[in-house]
Each structure stands twice: as C-alpha cells, then as structure tokens.
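So the sequence lines, in the order shown, correspond to chains F and R.
Here the first sequence is numbered in the numbering used here, starting from 1 and rising by one per residue.
Here the second sequence is numbered in the numbering used here, starting from 1001 and rising by one per residue.
Number of protein chains: 2
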Amino acid sequence: MKSPTTISKATIDRLPLYFRTLRLAQDEGLDIISSDELGRRLGITPEQIRKDLASFGQFGKKGVGYFVNELKRNVGGILGLDNHWNIAIIGIGHLGAALANFHNFVTLGFNLVALFDEDPDVIGTTVNHVKVEDIANLEQIVKERQIHIGIIAVPAAFAQGVADKLVSAGVKGIWNFAPIKMEVPAGMHIVNEDLSVGLSSLSYHITRQ
Amino acid sequence: MKSPTTISKATIDRLPLYFRTLRLAQDEGLDIISSDELGRRLGITPEQIRKDLASFGQFGKKGVGYFVNELKRNVGGILGLDNHWNIAIIGIGHLGAALANFHNFVTLGFNLVALFDEDPDVIGTTVNHVKVEDIANLEQIVKERQIHIGIIAVPAAFAQGVADKLVSAGVKGIWNFAPIKMEVPAGMHIVNEDLSVGLSSLSYHITRQ
DNA sequence: TAGATTGTTAATCGATTAACAATC
DNA sequence: TAGATTGTTAATCGATTAACAATC
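Structural data, given as structure tokens:
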C-alpha cells in the first residue's frame, strides 16, 4: 500500500461509499467489479474512482477490474475499520438512542461499549443491550474500557464540556452532532455532523429552480 | 441581492453555519459583527466569509462590519428558509422519531406536517404532536398538504420505492438518510446524509496519527 | 483625519477530468 | 491477437488565499 502523502478530503469521504458498494456487490456474489460499474452504482465517474484508489496503491488488474473481496478488504484497511474502535455515545436523548441502535456501526466494525447521560431517569436503562451510565463517571469509564471515539449527542450548551472531558480522558476522536464549533487541542480529530446544513442546502436549491 | 450565477457547493454548505452563528449573536444582543469575529466563532477565515457573502450581494458596511439582524435575515432569505417549506418524514423508526423531535426544524422555519410508516403498531401513534399515518396514503397526503420536502428514514431496501412515490406526488426535494444511491429524475433535488461517511472518515484520521 | 473593515481582483492552490500508455 | 480496463500524467476547472483599493 502506497504511503498516503496528501489525500484530498473529498477522496476520503468517498471511500466509505466505495466500501458500502463493495459490501453490497459481495452480498450479490460478485467476484470482480470495474471502476465503470462501481461508478455507475454510485454516480461517480470511473476516472475519479480509479484516481482515488490509485492514491493508496494498485488494487486492480488491467483489462480485468477489481476483485471485490480484495478491494473491500483494502478499502476497509485504509479507513482503519479493522481497528475495531471502541465507541461511546454521550447524551441518550432521541438522537443518541437512535445512534445507539444503528446496526451500521457493527457492519463497519465499531464496538459500542458505553452510553452516558446525566438524567437519573435515563441512567440505568438499557438501549440496544448497552446500559446507560452516569456521565459523572465518563472519564473513568473511557479510560477503563479504552474508548477511542466519543459521539456527542447532547444539547449544544453542554457539548463543549463533554468534549473537554473526552479529550482529558484520552479519546482519539470526536464525532459531534451538536450544532456548535468545538474548541479542542491541536491534533484532536473531530468530525462535525450538523444536520441542519443538509436540510438548509436542500432548501437553497429548491428555492431557485 | 446579486443574481447567483454559479455559487460553489462549499459556499452553500457554509451559509447554514453563518445563519446559526448569527442567530446566536442575535440572542446575545449583538448589533454588529465583523467577518473577523464571525470567522473566529466558526474556524473559517474572514476572507472566506466575505467572499461567500459577496457572491450574493453587498451586505456589510466598510469600516464597520455587518448588522447582525440584517445579515441573518439576508442569509435566511438566500437559503430560502422564509419559504417555510412543509416537510414529512417517512419511516418512524429510531432515526425517524429522533428527526421528528428535532426542534431545529422549527428554528429554521420548516413545518413538520406529516409522518409515515408501514407498521400497523406505529401507525396512529403520535410523535412530537404529529400523528403517524399509513404510508399507503403517502401520495394523497403529500398532494393535499402540499409537502415540499420528503425525509427518507426507512431501511435502504425500501428507500428507492419511497423516493419514487415522493417524486410522483410532486415533492421538490428529498433528504435521504438511507445509505443508498437513489435514482431520481433530472432536476429533482436530493441531499444524501449517509452517517457512516463521517464516522469512517474519523476512523481514517485517527488510524494514521 | 486615522483606523477599521468590507468587497473585489489577482495569485495560488487543490481537485477533477481527459487522454493514453501499459498490460491483463 | 484483440478487447478491455487499469494506473498515471497532463490539462482543465474550481475554490481558497492574499492583497489592496474603496469607504465608512
């Protein structure tokens, strides 16, 4: 595998789509897939796909295509999915509970190992076979269970406080659903998932057609 | 307001962030804000912000900054939020129910006017004061209540079928949470919100630091 | 007037597309 | 061998950054 010098963010964001499509192709029993077919299934040009993949190495066979199993394993490896990161969700409201029930996490190789809330009525309940624990014990439990990724699903006003705790407990990354810009130390990885962006941009487009 | 010739997708996706920050500034009672301060709050360069805004018109005062109320109203208008689009959610599982409870929709000016599911146990229940109706009546109700945007929160296998019905019933846009590439007629606006992309790209980054 | 800050043009940087040689 | 398809280089396109004139 080529050492990734500088890969575009756009490329990285397409890799999960390739992974998803390869998994489906695998389920269909497909052995070989071309960049053309992959592109057709995703609405992405085949050139783009070949370029994206080529930045990490040579995974295909000229004149033939890509072996589905092999490419899926490789793309999964590039994304680091075989690390089977331990994840925790903080804030078990409607969204947090929905996230806890995503079986996509399992498919992608993540382990949901803890849920946290501050509401006494919620603490002690079980969501998707995982017990909700007191957020007061967040730092201790994150360390004990070696949680790598914290998923923030608390109201915006509490998000920074939760992020601070996660950082000091030593997580490697944060997936943030609170609509707020978080301050974290340089080097901490954070992905923001502000749902209002998608809906608003849809509004923009339908407004002017 | 300048007629938007060709605005970058990146610009459009930043507008909701500006809107959100302006709303917060308004709540703080701030009258005027500079591109510098706006940028500081969002982690975006002031030049970028000025460029983005300038593609739609001249909203600021040189030497002064932007009037918070006025700019917020303008950005909201650009995003088409004052159209108060009618929205419906299809698939009231964990995610659909969480979306139905988002009060951000209200803040952004959207009206949640219908919820649909196919499960008889779910039909007839109420989520956030809205009744869940039989998906069999989707097309009729979408027409009757003039629903502009359909939010798809059903399993991937059913998503295309739902999209087809939404299109034939005349929605203007689709916000899709199913991890699948949808086929829709040219001109139909569709925004995909595949949550596994964000988490996987986080995995990519923490894998190589 | 002096200081601050926008709006806009030019320069740079990055990402996509096109073309095609390599090769299965 | 002929046809198909990758991997890579070059060309184009688009987005960001830098610089600065305009002006409040």
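From the three backbone atoms N, C-alpha and C, an ideal C-beta is built for every residue, glycine too.
Query	Result
Tell me, please, which residues DSSP counts as bridged to residue 62(F).	None, per the DSSP bridge assignment.
Shorter than 9 Å from the beta carbon of residue 1191(R) to some beta carbon of chain F?	yes
Would you call the CB atoms of residue 1015(R) and residue 149(F) closer than 9 Å?	no
Can you give me the Cβ contacts of residue 1008(R) inside the same chain, cut-off strictly under 8 Å, excluding the 5 residues immediately before and after it?	none
Between residue 1138(R) and residue 1182(R), what straight-line distance do the alpha-carbon atoms span, to the nearest angstrom?	18 Å
Would residue 1009(R) pass as an interface residue toward chain F - the criterion being a Cβ-Cβ separation below 9 Å?	yes
Can you have a look at residue 31(F) and say buried or exposed, based on whether 16 or more other CB atoms are within 10 angstroms of its CB?	exposed
So, with DSSP's three-state summary, where would you put residue 1107(R)?	helix
Give the interface partners of residue 25(F) over in chain R, defined as CB-CB distance under 7 Å, in chain order.	The premise fails here: residue 25(F) is roughly 13 Å from chain R at the closest Cβ pair, so nothing lies under 7 Å.
Who are the Cβ neighbours of residue 1035(R) in its own chain at under 6 Å, not counting the five residues just before and after it?	1046, 1049 and 1050
Unbroken beta strand (DSSP E) runs of length 3 or more, entirely within the stretch 1019 to 1080 of chain R: which are they?	1065 to 1067
In whole angstroms, give me the CA-to-CA distance for residue 109(F) and residue 1195(R).	14 Å
How long is the line joining the alpha carbons of residue 160(F) and residue 184(F), rounded to whole angstroms?	9 Å
Select from 68(F), 156(F) and 29(F) the residue whose C-alpha is nearest the C-alpha of residue 19(F).	68(F)
Taking the alpha carbon of residue 1096(R) as the reference point, which residue from 1081(R), 1106(R) and 1132(R) has its own alpha carbon closest?	1132(R)
Once DSSP output is grouped into helix, strand and coil, what is the label at residue 1101(R)?	coil
So, is residue 64(F) buried or exposed, given that buried needs 16 or more other C-beta atoms within 10 angstroms?	exposed
Quick check on DSSP: helix, strand or coil for residue 1158(R)?	helix
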